[in-house]
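Undergrad: In my numbering, the protein residues as written are -9 to 214. Next up is a structure, given as structure tokens.
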Amino acid sequence: MKAGTRVRIKGLVSASHHNGKTGTITGTSAPAEGRVGVKLDDDARVLAIKIGNLEILASQSNSTGKGQRAPPEFDGSPDPNVLALYYHYADRAFDCFNAAEYNTQMLRYYDHGLSVRLVIPRRIGSSESNLYFLVGLQHADTDKNTLCEVAFNCGRSFAGISMLVKRRCFACNRPRSAVCKSCLCACFCSEACENSDVGKDHRKLCGLIDTSSIVTEDECVQLL
């Protein structure tokens, strides 16, 4: 989440007296611990708070206003045209890619010096079909990486670019499909789908991704 976002602190245990206080994000603080700096409204102090202990104030929540919310048809939709959620910075709005568009955009990122550094599971709701993975890319020049809108709304502090991708087959759109073991960034449900046109197009991207440099997690965090 970028600096300037208005937030409220919640769920602190050892410093519970700060719960309910509001403030403004100043930037990344202790990124390895998933913390951001929050300048409190009631004094001049800046606290390092974990993303999980912050909520975006209603006026800026991703559930209000065009340009500040994910498309409502994204969650749980079987439409293959809403496979991957991203934030369009020029338009200041969330939008979606289908499999071919996602693959093309990922190749563009690699052409511009970005590479995948994070792939972690996420779930929305209780349905087993609503499984996702968050893909995070970072630029080789760390000064070009800023706090990411999509990652923040997925409960993760991440400086770079990220997309929330459904665990659906990129070829036939079958839910709960297996993640490609070679790159961790695409899903195919069968060998036939891997050899489809979409699967063949994916191979170039797959060959660029170095999984040894990717941070992964086993725990699947439920967002809603």
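Ideal Cβ placement from N, Cα and C applies to all residues, glycine included. Since the model is a prediction, treat every value here as computed from it, not as a measurement.
Could you compute how far the alpha carbon of methionine 153 sits from the alpha carbon of valine 140?
TA: Your numbering for residue 153 matches position 163 in the sequence shown. Your numbering for residue 140 matches position 150 in the sequence shown. So the two alpha carbons sit approximately 7 Å from each other.
Undergrad: Could you tell me the distance, in whole angstroms, from the CA atom of arginine 166 to the CA atom of cysteine 183?
TA: Translated into positions along the sequence shown, residue 166 becomes position 176. Translated into positions along the sequence shown, residue 183 becomes position 193. So the alpha carbons of these two residues sit roughly 14 Å apart.
Undergrad: If you measure between the beta carbons of cysteine 179 and threonine 201, is that distance less than 8 Å?
TA: Start at 1 with the first residue of the sequence shown, and residue 179 comes out as number 189. Start at 1 with the first residue of the sequence shown, and residue 201 comes out as number 211. Taking 8 Å as the Cβ cut-off, cysteine 179 and threonine 201 do not qualify as a contacting pair.
Undergrad: So the beta strand (DSSP E) histidine 78 belongs to, where does it begin and stop?
TA: Numbered from 1 along the sequence shown, position 88 holds the residue referred to as residue 78. Looking at the DSSP string, the run of the beta strand (DSSP E) that includes histidine 78 is 74 to 78.
Undergrad: Helix, strand or coil for serine 180 per DSSP?
TA: Position 190 of the sequence shown holds residue 180. Coil.
Undergrad: So, at 7 Å on beta carbons, what are the nonlocal neighbours of tyrosine 100 in its own chain, with the 5 sequence-adjacent residues on each side left out?
TA: The count along the sequence shown starts at 1 and reaches residue 100 at position 110. Answer for tyrosine 100: Leu198, listed in chain order.
Undergrad: Measure the alpha-carbon distance for cysteine 177 versus arginine 157 and round it to whole angstroms.
TA: Here residue 177 corresponds to residue number 187 of the sequence shown, with the count starting at 1. Here residue 157 corresponds to residue number 167 of the sequence shown, with the count starting at 1. Cα to Cα, the separation comes out at about 6 Å.
Undergrad: Any C-beta of chain D sitting closer than 8 Å to the C-beta of arginine 25?
TA: Of the protein chains in this structure there is only one, and it is not chain D.
Undergrad: Where DSSP assigns a beta bridge to leucine 215, which residues make up the other side?
TA: Lying outside -9 to 214, the shown extent of the chain, residue 215 is not represented and no answer is given.
Undergrad: Just to confirm before moving on: does the CB-CB distance between glycine 1 and asparagine 43 stay below 8 Å?
TA: Locating residue 1 in the sequence shown gives position 11, counting from the first residue. Locating residue 43 in the sequence shown gives position 53, counting from the first residue. Taking 8 Å as the Cβ cut-off, glycine 1 and asparagine 43 qualify as a contacting pair.
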